Amino acid sequence: MKLRHTTVWVGLTAAALVAATGCGSEAAKDTADKAADAVTNTDKIMAALARATDRTEELGSAEVSMSTDLGTGTPIAMDGTYSWGNGMAYDIQMDTKAAQMESLQDDPTIHCLLVDGVYYYDVDPQASGPIAGKEWIKVDSSAVFGESGSQAYKGGGDSGNPTASLKGLKYADDVEDLGTETINGQSTTHYRAVLDQEDMGQFKEAYSGEDSMLGDMTGGASTMEMDIWVNDKDLPVRLKQVMGSMTVSMDFAKFGATKDIDAPPAGQTADLTEALKEANGQQ
């Protein structure tokens, strides 16, 4: 099984980019308060992003549509619910063919879960091999981000949620207001920022740690370009992140669409964490 080209690889990649800029512990509200009396354009941008951060954080979840391109020119679509109110979790459907998972799943989409830093992928039971008789593949985030990097995605808090990405923007040296655009029928303001690895705080290990594979995914890129479109309700409508050869775009809808996201029964899962680490030279 070519793990490098499966939904295991793509799903973890997408989660990584969404989380990558959650690097600070300073309150976004502090930024908003300071920006109230500021007169520079940068301060105004930061104030707008602080408001978007606060509002998004309050709602805690959303229905999303995501597209991930690993540089192949074939985007992989993912749709479902993201929750960040009590640690990052998601329940999504992913394009089986685009993720090259047809050998493990006959359906056009594959069901994917993220629970407590562990990723689960619904597959058809196999007659033999490491997932024989199992309905789910299980992969711990350490298989891609390394032991140190994966800690940024576990334990609740900011890690792995869209508000973390918004908070990360205030650490960028290069922030622009690109004007108004209509996205998904909504009038939005388009902002862009460029961040270096040094601006990524606790997530730096996920990109540069010795046992992290994320650097290989991005082609060794050391900077990230992030675009965000914010509507008149101070909510993000679209978030786009580009790092090297990798591009992730996420559209938000129905904020507050909270649902319980639970891990599959242990007896129905096959743990491929160690196999993935071995296949990619971590052991």
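The sequence shown begins at 951 in my numbering and counts up one residue at a time.
Positions of the beta carbon are idealized from the N, C-alpha and C atoms, including for glycine.
Just so you know, these numbers come straight off a predicted model, no measurement behind them.
Cβ-Cβ distance between D1072 and I1060 below 8 angstroms: Within the sequence shown, residue 1072 is the residue found at index 122, counting from 1. Within the sequence shown, residue 1060 is the residue found at index 110, counting from 1. Cβ atoms of D1072 and I1060: closer than 8 angstroms.
Whole-number beta carbon distance between Y1141 and L1009, since they are thought to touch under 8 angstroms: Walking along the sequence shown from the start, residue 1009 turns up at place 59. Walking along the sequence shown from the start, residue 1141 turns up at place 191. Going by Cβ atoms, the distance from L1009 to Y1141 rounds to 19 angstroms, so no, they are not a contact pair.
Between the CA atoms of G1023 and K1047 - distance to the nearest angstrom: Taking the first residue of the sequence shown as 1, we reach residue 1047 at position 97. Taking the first residue of the sequence shown as 1, we reach residue 1023 at position 73. Looking at the two C-alpha atoms, the distance is approximately 14 angstroms.
Pair within 8 angstroms by beta-carbon distance, S1015 and W1034: The sequence position of residue 1015 within the sequence shown is 65, counting from 1. The sequence position of residue 1034 within the sequence shown is 84, counting from 1. Going by C-beta atoms, S1015 is not nearer than 8 angstroms to W1034.
Where A1143 falls, given that 16 or more other Cβ within 10 Å makes a residue buried: One-based indexing of the sequence shown puts residue 1143 at position 193. With 16 or more other Cβ atoms within 10 Å, it is buried.
Contacts around P1058, its chain only, beta-carbon distance under 8 angstroms, and the 5 residues preceding and following it disregarded: Taking the sequence shown and counting its residues from 1, one reaches residue 1058 at position 108. Cβ neighbours of P1058 beyond the five flanking positions: D1045, T1046 and K1047.
Coarse secondary structure for T1223, derived from DSSP in three states: Numbered from its first residue, the sequence shown carries residue 1223 at position 273. In this structure, T1223 counts as helix in the three-state DSSP scheme.
Residue from E1013, A1027 and D1201 whose Cα sits closest to the Cα of R1188: In the sequence shown, the residue the question calls residue 1188 occupies position 238. Here the closest residue by C-alpha is D1201.
Opposing strand residues paired with R1001 [DSSP bridges]: Indexing the sequence shown from 1 puts residue 1001 at position 51. Its beta-bridge partners do not exist; DSSP assigns none.
P1186 burial status per 10 Å Cβ neighbour count (16 or more: buried): Here residue 1186 is taken as the residue at index 236 of the sequence shown, counted from 1. With 16 or more other Cβ atoms within 10 Å, it is buried.
Residues that DSSP places opposite Q1191 in a beta bridge: For this step, residue 1191 is matched to residue 241 along the sequence shown. Beta-bridge pairing links Q1191 to M1176 and V1198.
Element boundaries [beta strand (DSSP E), containing K1088]: Residue 1088 sits at position 138 when you count from the first residue of the sequence shown. From DSSP, the beta strand (DSSP E) with K1088 extends over W1086 to D1090.
Three-state secondary structure assigned by DSSP to Q1043: Against the sequence shown, residue 1043 aligns to sequence position 93. Q1043: strand per DSSP, three-state reduction.
Residues that D1146 bridges to, as DSSP identifies them: Stepping through the sequence shown from its first residue, residue 1146 is reached at position 196. Paired residues: T1173.
Cβ shell of Q1076 (< 8 angstroms), same chain only, five flanking positions each side left out: Indexing the sequence shown from 1 puts residue 1076 at position 126. Cβ neighbours of Q1076 beyond the five flanking positions: L1054, A1082, G1083 and K1084.
Exposure of K1234, with buried meaning 16 or more beta-carbon neighbours within 10 Å: Because the chain here runs from 951 to 1233, residue 1234 falls outside it and cannot be looked at.
Separation of Y1032 from D1066, as counted between CA atoms: Residue numbering aside, residue 1066 sits at position 116 when the sequence shown is read from its first letter. Residue numbering aside, residue 1032 sits at position 82 when the sequence shown is read from its first letter. Looking at the two C-alpha atoms, the distance is approximately 13 angstroms.
Under 8 angstroms between C-beta atoms of A1039 and L1064: As a working note, residue 1039 is residue 89 in the sequence shown. As a working note, residue 1064 is residue 114 in the sequence shown. The answer is yes: Cβ separation under 8 angstroms.
Span separating the alpha-carbon of K1190 from that of A1220: Stepping through the sequence shown from its first residue, residue 1190 is reached at position 240. Stepping through the sequence shown from its first residue, residue 1220 is reached at position 270. Between K1190 and A1220, the C-alpha separation is close to 33 angstroms.
Those runs of the beta strand (DSSP E) which lie wholly inside the stretch 1006-1090 and span at least 3 residues: 1011-1019, 1026-1033, 1039-1045, 1059-1065, 1068-1072 and 1086-1090
L1145, buried or exposed, once every other Cβ within 10 Å from all chains shown has been counted against 16: Residue numbering aside, residue 1145 sits at position 195 when the sequence shown is read from its first letter. Buried is the call here.
Three-state secondary structure assigned by DSSP to D1127: Taking the sequence shown and counting its residues from 1, the one referred to as residue 1127 is at position 177. Here D1127 sits in strand by DSSP.
Assigned secondary structure, N1181 (DSSP; H/G/I helix, E/B strand, else coil): For the purposes of this step, residue 1181 is taken as the residue at position 231 of the sequence shown. N1181 falls in the strand class under three-state DSSP.
Top-ranked residue by Cα proximity to G1030, from G1021, E1013 and D1019: Numbered from its first residue, the sequence shown carries residue 1030 at position 80. For G1030, the nearest C-alpha among the options comes from E1013.
DSSP beta-bridge partners of I1133: Along the sequence shown, read from residue 1 onward, the residue named residue 1133 stands at position 183. The partner list for I1133 (beta bridge, DSSP) reads Q1136.
CA-to-CA distance, E1224 to S1092, given in whole angstroms: The residue labelled residue 1092 in the question sits at position 142 within the sequence shown. The residue labelled residue 1224 in the question sits at position 274 within the sequence shown. So the alpha carbons of these two residues sit roughly 10 angstroms apart.
CA nearest to the CA of S1172, picked from M1193, D1041, I1211 and S1137: Residue mapping note: residue 1172 aligns to position 222 of the sequence shown, counting from 1. Residue M1193 is the option with its Cα nearest to S1172.
Neighbourhood of R1005 by C-beta, 8 angstroms cutoff - its chain only, sequence neighbours within 5 removed: Taking the sequence shown and counting its residues from 1, one reaches residue 1005 at position 55. Contacts found: K1183, D1184 and L1185.
Residue from E1007, R1001 and L1020 whose Cα sits closest to the Cα of T1197: If you number the sequence shown from 1, residue 1197 lands on position 247. For the residues E1007, R1001 and L1020, the minimum Cα distance to T1197 belongs to L1020.
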